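Participant: Handing you this structure, nothing more for now.
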Amino acid sequence: MIDRAVHCTWDSSKCVEHFLNYMAENGEEAVNLYRDGQTFNLILMDNEMPATKELRDLGVTSMIVGLTSHEDENSVFMEAGADHCLAKPITFENIYLLIEQLKDEG
């Protein structure tokens, strides 16, 4: 899952949509998806969509990656329950490398 604001900053020629199956418009929508029983393997959470703690409080165990504008924001995401953080601008290559790393860890 990814929020639309971050998705729009990516180079659409990279076909990001190929591996992203849903884009929430905001944090409330992301939380409601889980409340409705939807699950995801990986959540990309923008710093403008701060629902990480609420998702963790609901018992969500999916990998959450915080997308930050500045490295000093990493601690906020990590304290809220994020597993990893990536600094913007986010590229297809960044996401691909992270997924590969997570596959190796899992």
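In this note's numbering, the protein residues as written are 6 to 111.
Beta carbons are placed, not taken as given, at the ideal position from N, Cα and C, and that holds for glycine.
Remember, predicted model here, so these are calculated numbers, not experimental data.
Given Lys58, which residues of its chain have a CB within under 7 Å of its CB, disregarding the five upstream and five downstream residues?
Facilitator: Closer than 7 Å at Cβ, skipping near neighbours: Ala85, Gly86.
Participant: Measure the CB-CB distance between Met28 and Leu47 and report whether it falls below 8 Å.
Facilitator: Not in contact: Met28 and Leu47 (Cβ atoms no closer than 8 Å).
Participant: Hey, quick one: how far does the beta strand (DSSP E) through Leu63 stretch, first residue to last?
Facilitator: Here Leu63 belongs to no beta strand (DSSP E), and DSSP marks it neither H nor E.
Participant: Quick one: is Asp51 buried, meaning 16 or more other Cβ sit within 10 Å of its Cβ, or exposed?
Facilitator: With 16 or more Cβ atoms within 10 Å of its Cβ, Asp51 is classed as buried.
Participant: Contact check, Ile95 vs Leu72 under 8 Å by CB: the rounded distance?
Facilitator: Rounded, the Cβ-Cβ distance is 6 Å, consistent with contact.
Participant: Relative to the C-alpha of Lys93, which residue among Gln106, Lys108, Asp77, Leu107 is closest?
Facilitator: If we check each option's Cα against that of Lys93, Asp77 comes out closest.
Participant: Classify Ala29 as helix, strand or coil using the three-state DSSP reduction.
Facilitator: Strand at Ala29.
Participant: Can you name, in chain order, every residue of its own chain whose Cβ lies under 6 Å from the Cβ of His75, other than the five neighbours on each side?
Facilitator: Nothing listed; no residue qualifies.
Participant: Judging by CA-CA distance, which residue of Tyr39, Leu91, Val81, Pro55 is the nearest neighbour of Thr66?
Facilitator: Checked all of Tyr39, Leu91, Val81, Pro55; the closest Cα to Thr66 is Tyr39.
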